[in-house]
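Undergrad: In this note's numbering, the protein residues as written are 1 to 326.
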Amino acid sequence: MSILVTGGTGALGFHILSSLNGTCELFSFSDEQPQPWQKVDGVEYLTGNLLNFRDVLEMMQKVQPTHIYHLASQSSVGLSYKKPYETLNINLLGTQTLLEAARQVVPRAKIMLLSSSEIYGRTEQQLTYLHKETDLPNPLTPYATSKACMELLGNQFRNAHGLHIVFVRPFHFTGPHHSRRFAIPSITYQLVKIKYYGAEPVVYSGSLDISRDVVDVRDVARGMIQILDTAPSGEVYNICCGKAYTFRELVEMLVDIAGVSVDFRFDPIFERTNDIPLLIGDPTKISSIGWKPLITIEDSLTDLFNEMVVRRRTELKMGYGKDLRL
(Lines of atoms letter the chains of each structure in order from A and count residues from 1; the text may use other names and numbers.)
(Lines give C-alpha, C1' and ligand atoms only; values in the text may rest on other atoms or scores of the structure.)
Protein backbone atom coordinates (compact mmCIF):
# COMPACT_ATOMS: atom_id res chain seq x y z
CA MET A 1 0.00 0.00 0.00
CA SER A 2 1.25 3.47 -0.91
CA ILE A 3 -0.33 6.63 0.46
CA LEU A 4 -0.03 10.08 -1.04
CA VAL A 5 -0.94 13.23 0.87
CA THR A 6 -0.95 16.44 -1.15
CA GLY A 7 -0.36 19.42 1.10
CA GLY A 8 1.27 17.07 3.57
CA THR A 9 3.15 19.90 5.31
CA GLY A 10 -0.07 21.37 6.74
CA ALA A 11 -1.53 20.42 10.10
CA LEU A 12 -4.01 17.89 8.71
CA GLY A 13 -1.34 16.33 6.52
CA PHE A 14 1.08 16.15 9.45
CA HIS A 15 -1.41 14.26 11.61
CA ILE A 16 -2.61 11.93 8.84
CA LEU A 17 1.00 11.02 8.03
CA SER A 18 1.84 10.66 11.74
CA SER A 19 -1.13 8.34 12.28
CA LEU A 20 -0.19 6.13 9.31
CA ASN A 21 3.56 6.13 9.97
CA GLY A 22 5.03 2.65 9.92
CA THR A 23 2.03 1.04 8.22
CA CYS A 24 2.93 1.57 4.53
CA GLU A 25 4.89 3.76 2.13
CA LEU A 26 4.09 7.41 2.77
CA PHE A 27 4.58 10.35 0.41
CA SER A 28 3.83 14.06 0.70
CA PHE A 29 3.55 16.37 -2.31
CA SER A 30 3.76 20.12 -1.70
CA ASP A 31 5.26 23.22 -3.27
CA GLU A 32 8.04 23.37 -0.67
CA GLN A 33 10.01 21.16 1.70
CA PRO A 34 8.70 20.93 5.29
CA GLN A 35 10.04 22.93 8.19
CA PRO A 36 11.27 20.78 11.14
CA TRP A 37 7.94 21.10 12.98
CA GLN A 38 6.05 19.98 9.86
CA LYS A 39 8.11 16.87 9.17
CA VAL A 40 7.20 13.27 10.00
CA ASP A 41 9.98 10.67 10.06
CA GLY A 42 9.60 7.95 7.45
CA VAL A 43 7.78 10.14 4.92
CA GLU A 44 9.27 10.97 1.53
CA TYR A 45 8.63 14.65 0.86
CA LEU A 46 8.28 15.49 -2.83
CA THR A 47 7.94 19.00 -4.22
CA GLY A 48 6.33 20.36 -7.34
CA ASN A 49 3.69 22.64 -8.76
CA LEU A 50 0.15 21.32 -8.43
CA LEU A 51 -0.85 23.38 -11.47
CA ASN A 52 1.88 21.84 -13.63
CA PHE A 53 0.51 18.62 -15.12
CA ARG A 54 3.97 17.23 -15.89
CA ASP A 55 5.06 17.69 -12.25
CA VAL A 56 1.95 15.94 -10.98
CA LEU A 57 2.02 13.15 -13.57
CA GLU A 58 5.69 12.33 -12.87
CA MET A 59 5.01 12.37 -9.14
CA MET A 60 2.01 10.03 -9.60
CA GLN A 61 4.09 7.64 -11.71
CA LYS A 62 6.78 7.54 -9.03
CA VAL A 63 4.46 7.07 -6.06
CA GLN A 64 1.81 4.75 -7.60
CA PRO A 65 -0.53 5.53 -4.69
CA THR A 66 -3.32 3.23 -3.61
CA HIS A 67 -4.81 5.99 -1.40
CA ILE A 68 -4.74 9.74 -2.03
CA TYR A 69 -5.63 12.46 0.48
CA HIS A 70 -5.92 15.66 -1.54
CA LEU A 71 -5.41 18.43 1.02
CA ALA A 72 -3.35 20.92 -0.99
CA SER A 73 -5.28 24.15 -1.38
CA GLN A 74 -5.42 27.85 -0.72
CA SER A 75 -7.32 27.40 2.53
CA SER A 76 -7.61 30.91 3.96
CA VAL A 77 -11.04 32.50 3.62
CA GLY A 78 -9.60 35.97 4.22
CA LEU A 79 -6.86 35.54 1.63
CA SER A 80 -9.40 34.31 -0.91
CA TYR A 81 -10.86 37.83 -1.05
CA LYS A 82 -7.44 39.28 -1.80
CA LYS A 83 -6.42 36.52 -4.20
CA PRO A 84 -9.61 35.08 -5.73
CA TYR A 85 -7.94 33.97 -8.98
CA GLU A 86 -5.15 32.18 -7.11
CA THR A 87 -7.73 30.52 -4.85
CA LEU A 88 -9.80 29.23 -7.76
CA ASN A 89 -6.70 28.16 -9.67
CA ILE A 90 -5.23 26.08 -6.86
CA ASN A 91 -8.45 24.69 -5.42
CA LEU A 92 -10.22 23.89 -8.68
CA LEU A 93 -7.62 23.60 -11.45
CA GLY A 94 -5.12 22.00 -9.07
CA THR A 95 -7.72 19.33 -8.31
CA GLN A 96 -8.34 18.89 -12.04
CA THR A 97 -4.61 18.28 -12.55
CA LEU A 98 -4.43 15.77 -9.71
CA LEU A 99 -7.53 13.82 -10.77
CA GLU A 100 -6.47 13.65 -14.40
CA ALA A 101 -3.04 12.33 -13.39
CA ALA A 102 -4.71 9.77 -11.10
CA ARG A 103 -7.07 8.76 -13.93
CA GLN A 104 -4.13 8.07 -16.21
CA VAL A 105 -1.80 6.38 -13.71
CA VAL A 106 -3.79 4.91 -10.79
CA PRO A 107 -7.47 4.73 -11.81
CA ARG A 108 -8.26 2.29 -8.98
CA ALA A 109 -6.84 4.45 -6.19
CA LYS A 110 -9.11 5.59 -3.38
CA ILE A 111 -9.19 9.40 -3.39
CA MET A 112 -10.39 11.83 -0.73
CA LEU A 113 -11.13 15.44 -1.62
CA LEU A 114 -10.99 17.92 1.24
CA SER A 115 -13.94 20.28 1.03
CA SER A 116 -15.15 22.62 3.78
CA SER A 117 -18.14 23.48 5.93
CA GLU A 118 -17.82 26.99 4.50
CA ILE A 119 -19.75 25.83 1.42
CA TYR A 120 -22.97 25.81 3.51
CA GLY A 121 -22.91 29.59 3.97
CA ARG A 122 -25.63 31.25 6.01
CA THR A 123 -28.99 29.73 6.81
CA GLU A 124 -32.25 31.61 7.26
CA GLN A 125 -33.35 29.00 9.79
CA GLN A 126 -33.00 29.07 13.56
CA LEU A 127 -29.62 29.97 15.01
CA THR A 128 -29.09 26.44 16.33
CA TYR A 129 -29.47 24.83 12.90
CA LEU A 130 -27.10 21.90 12.31
CA HIS A 131 -25.98 21.60 8.70
CA LYS A 132 -26.48 18.20 7.10
CA GLU A 133 -24.58 16.71 4.19
CA THR A 134 -27.78 16.93 2.12
CA ASP A 135 -28.01 20.73 2.50
CA LEU A 136 -27.51 22.61 -0.76
CA PRO A 137 -24.31 24.65 -1.00
CA ASN A 138 -24.69 28.38 -0.52
CA PRO A 139 -21.08 29.66 -0.81
CA LEU A 140 -20.48 33.27 0.21
CA THR A 141 -16.73 33.63 -0.30
CA PRO A 142 -14.24 32.87 -3.09
CA TYR A 143 -12.81 30.10 -0.92
CA ALA A 144 -16.22 28.48 -0.35
CA THR A 145 -17.07 28.78 -4.03
CA SER A 146 -13.81 27.09 -5.00
CA LYS A 147 -14.56 24.16 -2.69
CA ALA A 148 -18.16 23.79 -3.92
CA CYS A 149 -16.86 23.72 -7.50
CA MET A 150 -14.20 21.19 -6.49
CA GLU A 151 -16.92 18.82 -5.28
CA LEU A 152 -18.71 19.13 -8.63
CA LEU A 153 -15.44 18.40 -10.40
CA GLY A 154 -14.86 15.33 -8.24
CA ASN A 155 -18.29 14.00 -9.09
CA GLN A 156 -17.60 14.61 -12.78
CA PHE A 157 -14.53 12.36 -12.56
CA ARG A 158 -16.50 9.74 -10.62
CA ASN A 159 -19.33 9.65 -13.13
CA ALA A 160 -17.28 9.96 -16.32
CA HIS A 161 -14.25 7.85 -15.41
CA GLY A 162 -15.30 5.66 -12.49
CA LEU A 163 -12.76 7.02 -10.00
CA HIS A 164 -13.32 6.16 -6.36
CA ILE A 165 -13.74 9.59 -4.72
CA VAL A 166 -15.13 10.54 -1.32
CA PHE A 167 -15.60 14.01 0.13
CA VAL A 168 -15.18 15.42 3.63
CA ARG A 169 -16.43 18.74 4.94
CA PRO A 170 -14.60 19.48 8.19
CA PHE A 171 -15.96 22.26 10.34
CA HIS A 172 -13.52 24.47 12.22
CA PHE A 173 -10.54 22.61 13.62
CA THR A 174 -7.39 23.54 15.49
CA GLY A 175 -4.67 21.95 17.57
CA PRO A 176 -0.91 21.32 17.45
CA HIS A 177 0.93 22.16 14.20
CA HIS A 178 -1.92 24.38 12.97
CA SER A 179 -0.63 27.21 10.77
CA ARG A 180 -0.42 30.73 12.17
CA ARG A 181 -2.26 31.89 9.04
CA PHE A 182 -5.45 31.04 10.94
CA ALA A 183 -7.11 32.91 13.77
CA ILE A 184 -6.69 30.64 16.79
CA PRO A 185 -3.03 29.72 16.11
CA SER A 186 -2.29 33.38 15.38
CA ILE A 187 -3.70 34.40 18.75
CA THR A 188 -1.87 31.51 20.41
CA TYR A 189 1.41 32.76 18.93
CA GLN A 190 0.74 36.26 20.24
CA LEU A 191 0.23 34.80 23.71
CA VAL A 192 3.49 32.83 23.45
CA LYS A 193 5.35 36.04 22.61
CA ILE A 194 3.69 37.85 25.51
CA LYS A 195 4.50 35.10 28.02
CA TYR A 196 8.04 34.23 26.95
CA TYR A 197 9.42 37.05 24.84
CA GLY A 198 8.30 40.28 26.51
CA ALA A 199 5.80 41.35 23.85
CA GLU A 200 3.23 44.04 24.61
CA PRO A 201 0.35 42.37 26.53
CA VAL A 202 -2.17 43.08 23.79
CA VAL A 203 -3.87 40.53 21.54
CA TYR A 204 -4.93 41.74 18.09
CA SER A 205 -7.74 39.90 16.34
CA GLY A 206 -10.81 40.15 14.17
CA SER A 207 -14.32 39.60 15.54
CA LEU A 208 -14.39 37.24 18.49
CA ASP A 209 -18.17 36.93 18.45
CA ILE A 210 -18.54 34.44 15.59
CA SER A 211 -19.37 30.88 16.63
CA ARG A 212 -17.97 27.69 15.16
CA ASP A 213 -18.27 23.95 15.61
CA VAL A 214 -14.71 23.10 16.71
CA VAL A 215 -12.89 19.74 16.63
CA ASP A 216 -9.24 18.91 17.30
CA VAL A 217 -7.18 18.46 14.14
CA ARG A 218 -6.07 14.99 15.27
CA ASP A 219 -9.68 13.86 15.53
CA VAL A 220 -10.32 15.24 12.06
CA ALA A 221 -7.32 13.33 10.68
CA ARG A 222 -8.52 10.13 12.34
CA GLY A 223 -11.99 10.59 10.84
CA MET A 224 -10.55 11.15 7.38
CA ILE A 225 -8.50 7.95 7.54
CA GLN A 226 -11.54 5.97 8.66
CA ILE A 227 -13.73 7.43 5.90
CA LEU A 228 -11.26 6.79 3.08
CA ASP A 229 -10.72 3.22 4.27
CA THR A 230 -14.42 2.34 4.47
CA ALA A 231 -16.72 4.74 2.60
CA PRO A 232 -18.22 3.89 -0.80
CA SER A 233 -17.38 6.21 -3.69
CA GLY A 234 -19.44 9.39 -3.79
CA GLU A 235 -20.13 9.64 -0.07
CA VAL A 236 -19.90 13.02 1.69
CA TYR A 237 -19.21 13.40 5.41
CA ASN A 238 -19.28 16.32 7.79
CA ILE A 239 -16.55 16.12 10.42
CA CYS A 240 -17.94 18.00 13.41
CA CYS A 241 -19.23 17.63 16.94
CA GLY A 242 -22.57 19.46 16.76
CA LYS A 243 -21.56 22.04 19.37
CA ALA A 244 -20.39 25.61 18.82
CA TYR A 245 -17.94 27.83 20.68
CA THR A 246 -17.51 31.55 20.18
CA PHE A 247 -13.98 32.61 19.33
CA ARG A 248 -14.14 34.71 22.50
CA GLU A 249 -14.62 31.55 24.56
CA LEU A 250 -11.69 29.87 22.81
CA VAL A 251 -9.42 32.86 23.31
CA GLU A 252 -10.35 33.14 26.99
CA MET A 253 -9.38 29.47 27.39
CA LEU A 254 -6.05 30.21 25.70
CA VAL A 255 -5.39 33.18 27.98
CA ASP A 256 -5.99 30.92 31.00
CA ILE A 257 -3.64 28.30 29.53
CA ALA A 258 -0.94 30.93 28.94
CA GLY A 259 -1.40 32.36 32.41
CA VAL A 260 -1.07 35.98 31.29
CA SER A 261 -3.13 39.15 31.57
CA VAL A 262 -3.88 40.81 28.24
CA ASP A 263 -6.02 43.44 26.56
CA PHE A 264 -7.88 42.73 23.32
CA ARG A 265 -7.87 45.08 20.37
CA PHE A 266 -9.78 44.75 17.13
CA ASP A 267 -7.54 44.91 14.08
CA PRO A 268 -9.37 45.61 10.80
CA ILE A 269 -6.72 43.63 8.92
CA PHE A 270 -8.41 40.50 10.31
CA GLU A 271 -11.94 41.61 9.42
CA ARG A 272 -13.76 39.47 6.86
CA THR A 273 -16.67 40.60 4.76
CA ASN A 274 -19.62 38.22 4.52
CA ASP A 275 -18.53 36.39 7.67
CA ILE A 276 -20.90 33.66 8.80
CA PRO A 277 -21.94 34.38 12.41
CA LEU A 278 -22.68 30.75 13.29
CA LEU A 279 -21.70 27.46 11.65
CA ILE A 280 -22.58 24.13 13.28
CA GLY A 281 -22.61 20.67 11.72
CA ASP A 282 -24.81 17.64 12.17
CA PRO A 283 -22.51 14.74 13.15
CA THR A 284 -25.17 12.04 12.71
CA LYS A 285 -23.69 10.51 9.56
CA ILE A 286 -20.09 10.30 10.74
CA SER A 287 -21.24 9.08 14.15
CA SER A 288 -22.98 6.19 12.39
CA ILE A 289 -19.58 4.77 11.32
CA GLY A 290 -18.28 4.88 14.89
CA TRP A 291 -16.36 8.17 14.84
CA LYS A 292 -16.62 10.73 17.61
CA PRO A 293 -14.26 13.42 18.95
CA LEU A 294 -11.87 12.04 21.56
CA ILE A 295 -9.88 15.18 22.39
CA THR A 296 -11.51 17.95 24.41
CA ILE A 297 -11.24 21.54 23.22
CA GLU A 298 -9.33 22.39 26.40
CA ASP A 299 -6.73 19.70 25.65
CA SER A 300 -6.59 20.75 22.02
CA LEU A 301 -5.81 24.37 22.92
CA THR A 302 -3.29 23.32 25.60
CA ASP A 303 -1.46 21.12 23.12
CA LEU A 304 -1.53 23.90 20.52
CA PHE A 305 -0.02 26.37 22.99
CA ASN A 306 2.72 23.96 24.09
CA GLU A 307 3.58 23.03 20.52
CA MET A 308 3.67 26.71 19.55
CA VAL A 309 6.25 27.33 22.29
CA VAL A 310 8.46 24.58 20.86
CA ARG A 311 7.88 25.80 17.30
CA ARG A 312 9.00 29.34 18.12
CA ARG A 313 12.09 28.10 19.94
CA THR A 314 12.97 25.98 16.90
CA GLU A 315 12.53 28.99 14.61
CA LEU A 316 14.89 31.06 16.71
CA LYS A 317 17.51 28.29 16.77
CA MET A 318 17.30 28.20 12.99
CA GLY A 319 17.89 31.93 12.83
CA TYR A 320 14.34 33.03 12.06
CA GLY A 321 14.30 36.22 14.09
CA LYS A 322 11.30 37.57 12.25
CA ASP A 323 7.84 36.06 12.50
CA LEU A 324 7.00 33.30 10.06
CA ARG A 325 3.43 32.65 8.96
CA LEU A 326 3.69 28.88 9.32
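A virtual CB, placed ideally from N, CA and C, is assigned to each residue, including glycine.
As the structure is a prediction and not an experimental result, all values here were calculated from the model.
1) Counting pairs of Cβ atoms below 8 Å between the segment 225-237 and the segment 253-266, do you hit three or more?
2) From which residue to which residue does the beta strand (DSSP E) around residue 238 run?
3) Taking the alpha helix (DSSP H) that residue 299 falls in, what are its first and last residues?
4) When you compare only the Cα positions, how much space is there between residue 132 and residue 243?
5) Taking the C-alpha atoms as reference points, what is the distance between residue 171 and residue 291?
6) Evaluate the contact criterion for the segment 141-150 versus the segment 111-119: three or more CB pairs, one atom per stretch, below 8 Å.
7) Can you confirm whether the segment 202-216 touches the segment 272-287 when touching is taken to mean that 3 or more C-beta pairs between the two stretches lie within less than 8 Å?
8) Label residue 30 either buried or exposed according to how many other C-beta atoms from any shown protein chain fall within 10 Å of its C-beta, with 16 as the threshold for buried.
9) Starting from residue 246, follow its DSSP beta bridges and name the residues at the other end.
10) Run the CB neighbour count on residue 44, radius 10 Å, all protein chains shown included, and call it buried at 16 or more, exposed below.
11) Could you please give the first and the last residue of the uninterrupted beta strand (DSSP E) stretch that includes residue 202?
12) Compare the beta carbon distance of residue 67 and residue 220 with 9 Å and say whether it is the shorter of the two.
13) If you reduce the DSSP assignment to three classes, tell me which class residue 23 lands in.
14) Leaving out the 5 sequence neighbours to the left and right, which residues in its chain are closer than 8 Å to residue 104 when beta-carbon positions are compared?
15) So, with DSSP's three-state summary, where would you put residue 177?
16) Excluding the 5 residues flanking residue 25 on each side, which residues of the same chain have their C-beta closer than 6 Å to its C-beta?
17) Determine the burial state of residue 216: buried for a count of at least 16 other Cβ atoms within 10 Å of its Cβ, exposed for fewer.
18) In angstroms with no decimal places, state the Cα-to-Cα distance between residue 23 and residue 93.
19) For residue 20, which residues of its own chain have a beta-carbon under 8 Å away from its beta-carbon, when the five flanking residues on both sides are left out?
20) Beta carbon of residue 205, beta carbon of residue 266: below 9 Å?
21) I'd like the ranges of any beta strand (DSSP E) spanning at least 3 consecutive residues and lying wholly in the segment 93-156.
22) Could you spell out where the alpha helix (DSSP H) holding residue 287 opens and where it closes?
23) Pull up the distance between the alpha-carbon of residue 240 and that of residue 308, whole angstroms please.
24) Could you spell out where the beta strand (DSSP E) holding residue 167 opens and where it closes?
25) Terminal residues of the continuous beta strand (DSSP E) containing residue 2?
26) Relative to the C-alpha of residue 5, which residue among 64, 36, 52, 53 is closest?
27) Helix, strand or coil for residue 43 per DSSP?
28) Is it right to say residue 49 is buried, meaning 16 or more other beta carbons lie within 10 angstroms of its own, or is it exposed?
29) Do you know how far the Cα of residue 161 is from the Cα of residue 11?
30) Please list the terminal residues of the continuous alpha helix (DSSP H) segment that includes residue 197.
31) For residue 95, which of 310, 46, 74, 232 has the nearest alpha-carbon?
32) In whole angstroms, what is the alpha-carbon distance linking residue 303 and residue 176?
33) Please go through the same chain and pick out, in chain order, the residues whose beta-carbon is closer than 7 Å to the beta-carbon of residue 40, but skip the five residues on each side of it.
34) Quick one: what's got a C-beta closer than 6 Å to residue 119's C-beta in the same chain, skipping five residues either side?
35) Which term fits residue 288, buried or exposed, when burial requires 16 or more other beta carbons within 10 angstroms of its beta carbon?
TA: If we stick to the structure as given:
1) no
2) Along the sequence shown, read from residue 1 onward, the residue named residue 238 stands at position 238. First-last of the beta strand (DSSP E) with residue 238: 236-239.
3) Here residue 299 corresponds to residue number 299 of the sequence shown, with the count starting at 1. Here the alpha helix (DSSP H) through residue 299 covers 297-317.
4) For this step, residue 132 is matched to residue 132 along the sequence shown. For this step, residue 243 is matched to residue 243 along the sequence shown. Taken atom to atom, the span from the alpha-carbon of residue 132 to that of residue 243 is near 14 Å.
5) Residue numbering aside, residue 171 sits at position 171 when the sequence shown is read from its first letter. Residue numbering aside, residue 291 sits at position 291 when the sequence shown is read from its first letter. When rounded, the distance between both Cα atoms is 15 Å.
6) yes
7) Put simply, the segment 272-287 touches the segment 202-216. At least three CB pairs are less than 8 Å apart.
8) Within the sequence shown, the letter at position 30 stands for residue 30. Residue 30 should be labelled buried.
9) As a first step, residue 246 must be located in the sequence shown, where it is residue number 246. According to DSSP, which records beta bridges pairwise, residue 246 is partnered with 211.
10) Position 44 of the sequence shown, counted from the first residue, corresponds to residue 44. So residue 44 ends up on the exposed side.
11) Residue numbering aside, residue 202 sits at position 202 when the sequence shown is read from its first letter. First-last of the beta strand (DSSP E) with residue 202: 202-205.
12) For the purposes of this step, residue 67 is taken as residue 67 along the sequence shown, with counting starting at 1. For the purposes of this step, residue 220 is taken as residue 220 along the sequence shown, with counting starting at 1. No Cβ-Cβ contact shorter than 9 Å links residue 67 with residue 220.
13) Translated into positions along the sequence shown, residue 23 becomes position 23. It is coil, neither helix nor strand.
14) Numbered from its first residue, the sequence shown carries residue 104 at position 104. So the qualifying residues of the chain are 57, 60.
15) Within the sequence shown, residue 177 is the residue found at index 177, counting from 1. Residue state, collapsed to three classes: coil.
16) The count along the sequence shown starts at 1 and reaches residue 25 at position 25. So the qualifying residues of the chain are 2.
17) Taking the sequence shown and counting its residues from 1, the one referred to as residue 216 is at position 216. When all chains shown are included, residue 216 counts as buried.
18) Numbered from its first residue, the sequence shown carries residue 23 at position 23. Numbered from its first residue, the sequence shown carries residue 93 at position 93. Approximately 31 Å, taken between the alpha carbons.
19) Here residue 20 refers to the residue found at position 20 of the sequence shown. Apart from sequence neighbours up to five positions away, the residues of its chain that approach residue 20 with a beta-carbon distance below 8 Å are 3, 26, 225, ordered along the chain.
20) The count along the sequence shown starts at 1 and reaches residue 205 at position 205. The count along the sequence shown starts at 1 and reaches residue 266 at position 266. Against a cut-off of 9 Å, the Cβ pair of residue 266 and residue 205 comes out as a contact.
21) 110-114
22) Taking the first residue of the sequence shown as 1, we reach residue 287 at position 287. Taken as a continuous stretch (DSSP letters only), the alpha helix (DSSP H) holding residue 287 covers 284-287.
23) For the purposes of this step, residue 240 is identified with residue 240 of the sequence shown, where counting begins at 1. For the purposes of this step, residue 308 is identified with residue 308 of the sequence shown, where counting begins at 1. Between residue 240 and residue 308, the C-alpha separation is close to 24 Å.
24) For this step, residue 167 is matched to residue 167 along the sequence shown. It spans 164-170 - the beta strand (DSSP E) in which residue 167 sits, taken as one unbroken run.
25) As a first step, residue 2 must be located in the sequence shown, where it is residue number 2. In the DSSP assignment, residue 2 falls within the unbroken beta strand (DSSP E) covering 2-6.
26) Start at 1 with the first residue of the sequence shown, and residue 5 comes out as number 5. Nearest of 64, 36, 52, 53 to residue 5, Cα basis: 64.
27) Position 43 of the sequence shown holds residue 43. Looking at residue 43 - three-state DSSP - the assignment turns out to be strand.
28) For the purposes of this step, residue 49 is identified with residue 49 of the sequence shown, where counting begins at 1. With fewer than 16 other Cβ atoms within 10 Å, it is exposed.
29) Locating residue 11 in the sequence shown gives position 11, where the first residue counts as 1. Locating residue 161 in the sequence shown gives position 161, where the first residue counts as 1. Taking the straight line from one Cα to the other gives about 31 Å.
30) The residue given as residue 197 occupies position 197 in the sequence shown. 183-197 is the span of the alpha helix (DSSP H), which, as asked, contains residue 197.
31) Start at 1 with the first residue of the sequence shown, and residue 95 comes out as number 95. Nearest C-alpha to residue 95: 74.
32) On the sequence shown, position 303 is the one that residue 303 refers to. On the sequence shown, position 176 is the one that residue 176 refers to. About 6 Å.
33) Working through the sequence shown from its first residue, we reach residue 40 at position 40. Hits under 7 Å: 14, 17, 18, 21.
34) Indexing the sequence shown from 1 puts residue 119 at position 119. Result list for residue 119: 137, 139, 144, 147, 148, in chain order.
35) Your numbering for residue 288 matches position 288 in the sequence shown. Its Cβ having fewer than 16 others within 10 Å, residue 288 is exposed.
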